[in-house]
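Asker:
Residue numbers (my numbering): 290 to 895.
(1) With DSSP as the reference, please indicate the residues paired to residue 642 in a beta bridge.
(2) Applying the criterion that 16 or more other CB atoms from any shown protein chain within 10 Å of the CB defines a buried residue, is residue 342 buried or exposed?
(3) On the criterion of 16 or more Cβ atoms from any shown chain inside 10 Å, does residue 829 qualify as buried, or is it exposed?
(4) If contacts are defined as beta-carbon pairs under 8 Å, then residue 444 and residue 351 qualify, I think. What distance do you get, rounded to the angstrom?
(5) Is DSSP giving residue 532 helix, strand or coil here?
(6) Helix, strand or coil for residue 387 per DSSP?
(7) Three or more beta-carbon pairs under 8 Å between the segment 298-306 and the segment 787-807, yes or no?
(8) Have a look at 335, 633, 564, 387 and flag the residue whose alpha-carbon is nearest the alpha-carbon of residue 492.
(9) Near residue 465, which residues of its chain fall below 6 Å by C-beta distance, leaving aside the five closest residues on each side in sequence?
(10) Which residue comes first and which comes last in the beta strand (DSSP E) that contains residue 550?
(11) Can you tell me where the alpha helix (DSSP H) with residue 751 in it begins and where it stops?
(12) Please classify residue 290: is it buried, with 16 or more other beta-carbons within 10 angstroms of its beta-carbon, or exposed?
(13) Checking 8 Å against the spacing of the C-beta atoms, do residue 806 and residue 454 come in under that value?
(14) Short of 6 Å in beta carbon distance, which residues of its chain neighbour residue 393, apart from the five on each side in sequence? Order them along the chain.
(15) Classify residue 883 as buried or exposed, calling it buried when 16 or more other Cβ atoms lie within 10 Å of its own Cβ.
(16) Measuring only the C-alpha atoms, how far is residue 699 from residue 421?
(17) What is the DSSP secondary structure of residue 495, reduced to helix, strand or coil?
(18) Which class does residue 521 belong to by DSSP, given the choice of helix, strand or coil?
(19) Per DSSP, what are the beta-bridge partners of residue 685 in this structure?
(20) Contact between the segment 774-781 and the segment 355-365 is defined here as three or more beta-carbon pairs at a separation below 8 Å; is this criterion met?
(21) So who's on the other strand from residue 893, going by DSSP bridges?
(22) For residue 307, tell me which candidate among 323, 317, 333 has the shortest Cα-Cα distance.
(23) With H, G and I counted as helix, E and B as strand and the rest as coil, what does DSSP make of residue 425?
(24) Throw me the rounded Cβ distance for the residue 550 and residue 572 pair, which I believe falls under 8 Å.
(25) How many whole angstroms separate the CB atoms of residue 615 and residue 663, which I take to be in contact at a CB cut-off of 8 Å?
(26) Does the pairing of the segment 745-752 with the segment 323-333 give three or more beta-carbon distances under 8 Å?
(27) Work out the CA separation of residue 340 and residue 824 for me, nearest whole Å.
(28) If you follow the alpha helix (DSSP H) that residue 698 is in, where does it begin and where does it stop?
(29) Could you check if residue 850 is buried or exposed, using at least 16 other CB atoms within 10 Å of its CB as the buried criterion?
(30) If we count the other Cβ atoms within 10 Å of its Cβ and call it buried at 16 or more, is residue 740 buried or exposed?
(31) Residue range of the alpha helix (DSSP H) that residue 739 falls in?
(32) Looking only at C-alpha atoms, which of 436, 820, 447, 498 sits nearest to residue 473?
(33) Which of the three DSSP states, helix, strand or coil, is assigned to residue 454?
(34) Do you know how far the Cα of residue 330 is from the Cα of residue 458?
(35) Assuming residue 853 contacts residue 802 (C-beta within less than 8 Å), just tell me the rounded distance between them.
(36) Which residues does DSSP pair with residue 555 in a beta bridge?
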């Protein structure tokens, strides 16, 4: 059956409309960005803008495979305690440091780490380290968490493997017929930007950093001990049929009902209207003295009309702690409802307060779900809290947790990363092959087991990349990219190439503040190559401009995942990032226009 092909103008219009729809979907965030990208891929198939063969070819792209392998190598470094050990060393050495010295030291260490591994786990692990460091030097955590995130971005710009954005751009470069980038080809220019950024943050930017309170200010002091008890409502209890308010367990008597368990299910969202039934278990919070008397009572009579009847039967009482955690990208809580996420069933832990994007979120609504970057106050028994943090449900912000670390395997993990760097620099094998070998090696040699390896891969990012690669290919094959190039080059084609370079950087920088940096890089790289071709100059400096601008997201907390992670952990407001980050964006723009032509001259294409 012959295939029906739409006229070229219609194809171009459809692809551009689809690109616009994808950007709207990314900004509105009602549907996960990876799902938006896969829907775009499906639309390309439905309208015949790409063939099935073209779409399947996207999944053979080397860049996402390399990124997946680098996720595993990063997890191996994390699991063997390399990152945590370095972070703890900073805290131990910081007792007499000034705040400026603390910011500089933290940023330099993070830059080095981020040059060779995925920066998201670095930030997740070092957030509690930065909080401890802030306490050591006597400043608010908000003075250090934005520098932590920004430094991880700086470091990612110094090597080809430092960020998924660089690897993606290199993959598109290779498919366009250009020579691939060497692992250290961008290091010189990247270090210039990293140095400029570090000087700005330590000398100028630190004065724009706010002094914000976080959820940690709600943590009780060690003197205010808290107990949680479970009590059973027996069959003949006079409390059967009564609401919580009618039971007598009120705050003026020293009790707070925090949950009702019925048939092993939490009814926390119904506390104001729920009528008690026989067999219900009430979960009560109270100061230690009242809770101990409740636990030791042989005949408890609480509530109107209870008389001498057993109104409740104590089941257990446990001293609890309140701690602070952040929801990381790999947490199983992401997308799950706050009530019913399993924290109570698995660990005996309750979420008691949540901070998201500058505001406190109520925990009573059934439709409220955990999101990446949420800062959560949790209460529970020490053992349950420890197990919850060890299982990766939350990353502990109150104190540095010691997971079972395979420290004896640290040399192997470091050696694997060194293996990739050296052999890639020598050109022995493409980075994709080296990364796969190294990832298999750290699994086989016990740095990380295979289940942890699969869990470490951020599949949502990979499928976002696959979907956007398909959209980028459609831009090329339908002529939409050439249409955009003509539209941009028309007004500026007669100007010097440095002006076009500036335009490419500014457009990329603006887009990456609003949507995924990877999506922006995929869409802008072929346009940058096309603009260079229209000017008759080497495309490499334009591609590097896309690399740097797509990563340099400082003015909003939503353009880069590490910014989102520190957003709520530091108690920041949206405008805090703009005040600190917008001047940094402009600084990077100016420095890039100077250093890019130095390392990659704007000369005629040979």
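Note that beta-carbon positions come from the ideal geometry of N, C-alpha and C, so glycine has one too.
If you're wondering where the values come from, they're calculated on a predicted model, not measured in any experiment.
Answerer: Result, derived from the coordinates:
(1) Translated into positions along the chain shown, residue 642 becomes position 353. Beta-bridge pairing links residue 642 to 666.
(2) In the chain shown, residue 342 corresponds to position 53, counting from 1. Exposed: under 16 other Cβ atoms inside 10 Å.
(3) As a working mapping, residue 829 is identified with position 540 in the chain shown. By the Cβ-count criterion, residue 829 is buried, with 16 or more other Cβ atoms from all chains shown falling within 10 Å of its own Cβ.
(4) The residue you call residue 444 lines up with position 155 of the chain shown. The residue you call residue 351 lines up with position 62 of the chain shown. The pair is not a contact, with the Cβ atoms about 23 Å apart (cut-off 8 Å).
(5) By one-based count along the chain shown, residue 532 stands at place 243. In the three-state reduction of the DSSP assignment, residue 532 falls in the strand class, which pools E and B.
(6) As a position in the chain shown, residue 387 is number 98, starting the count at 1. Shown here, residue 387 sits in coil according to DSSP, grouped into three states, outside any helix or strand.
(7) The segment 298-306 and the segment 787-807 do not touch, with fewer than 3 CB-CB distances between them shorter than 8 Å.
(8) If you number the chain shown from 1, residue 492 lands on position 203. Measuring from the Cα of residue 492, the nearest candidate turns out to be 387.
(9) As a working note, residue 465 is residue 176 in the chain shown. Within the same chain, residue 465 has close Cβ partners 818.
(10) Position 261 of the chain shown, counted from the start, is the residue given in the question as residue 550. Looking at the DSSP string, the run of the beta strand (DSSP E) that includes residue 550 is 545-551.
(11) One-based indexing of the chain shown puts residue 751 at position 462. Residues 748-766.
(12) Against the chain shown, residue 290 aligns to sequence position 1. Confidence at residue 290 is low in this model, with a pLDDT of 36, below 50, so its placement is unreliable and the value that follows should be read with caution. When all chains shown are included, residue 290 counts as exposed.
(13) In the chain shown, the residue the question calls residue 806 occupies position 517. In the chain shown, the residue the question calls residue 454 occupies position 165. Pairing residue 806 with residue 454 gives a Cβ-Cβ distance under 8 Å.
(14) On the chain shown, position 104 is the one that residue 393 refers to. Hits under 6 Å: 491.
(15) Within the chain shown, numbered from 1, the residue matching residue 883 stands at position 594. By the neighbour-count rule (16 or more Cβ atoms within 10 Å), residue 883 is not buried but exposed.
(16) For the purposes of this step, residue 699 is taken as residue 410 along the chain shown, with counting starting at 1. For the purposes of this step, residue 421 is taken as residue 132 along the chain shown, with counting starting at 1. Distance between the alpha carbons of residue 699 and residue 421 is about 24 Å.
(17) The sequence position of residue 495 within the chain shown is 206, counting from 1. Helix.
(18) Your numbering for residue 521 matches position 232 in the chain shown. Three-state DSSP puts residue 521 in a strand.
(19) Here residue 685 corresponds to residue number 396 of the chain shown, with the count starting at 1. Under DSSP, residue 685 takes part in a beta bridge, and its partners are 614.
(20) By the Cβ criterion, the segment 774-781 is not in contact with the segment 355-365, since fewer than three pairs of Cβ atoms, one from each stretch, lie closer than 8 Å.
(21) Walking along the chain shown from the start, residue 893 turns up at place 604. Note: residue 893 sits in a beta bridge opposite 826.
(22) On the chain shown, residue 307 is found 18 positions in, with the first residue counted as 1. Closest option to residue 307, Cα to Cα, is 333.
(23) Taking the chain shown and counting its residues from 1, the one referred to as residue 425 is at position 136. Residue 425 falls in the helix class under three-state DSSP.
(24) Here residue 550 refers to the residue found at position 261 of the chain shown. Here residue 572 refers to the residue found at position 283 of the chain shown. The pair is a contact, with the Cβ atoms about 7 Å apart (cut-off 8 Å).
(25) Working through the chain shown from its first residue, we reach residue 615 at position 326. Working through the chain shown from its first residue, we reach residue 663 at position 374. Confirmed, about 7 Å.
(26) Touching, yes.
(27) Here residue 824 refers to the residue found at position 535 of the chain shown. Here residue 340 refers to the residue found at position 51 of the chain shown. Rounded to whole angstroms, residue 824 to residue 340 spans 32 Å at the Cα level.
(28) Counting from one through the chain shown, the residue named residue 698 turns up at place 409. Counting along the chain, residue 698 falls outside any alpha helix (DSSP H), and DSSP gives it neither H nor E.
(29) In the chain shown, counting from the first residue as 1, residue 850 sits at position 561. Buried, since its Cβ has 16 or more Cβ neighbours within 10 Å.
(30) Mapped onto the chain shown, residue 740 falls at position 451. Residue 740 is exposed by the Cβ-count criterion.
(31) Counting from one through the chain shown, the residue named residue 739 turns up at place 450. Element bounds for residue 739: 739-745.
(32) Working through the chain shown from its first residue, we reach residue 473 at position 184. For the residues 436, 820, 447, 498, the minimum Cα distance to residue 473 belongs to 447.
(33) Within the chain shown, numbered from 1, the residue matching residue 454 stands at position 165. The answer is helix: DSSP assigns residue 454 an H, G or I state.
(34) By one-based count along the chain shown, residue 458 stands at place 169. By one-based count along the chain shown, residue 330 stands at place 41. Linking residue 458 to residue 330 through their CA atoms gives a straight-line distance of about 19 Å.
(35) Translated into positions along the chain shown, residue 853 becomes position 564. Translated into positions along the chain shown, residue 802 becomes position 513. Rounded to whole angstroms, the Cβ separation of residue 853 and residue 802 is 13 Å, and the two are not in contact under 8 Å.
(36) Residue mapping note: residue 555 aligns to position 266 of the chain shown, counting from 1. 550, per the DSSP bridge assignment.
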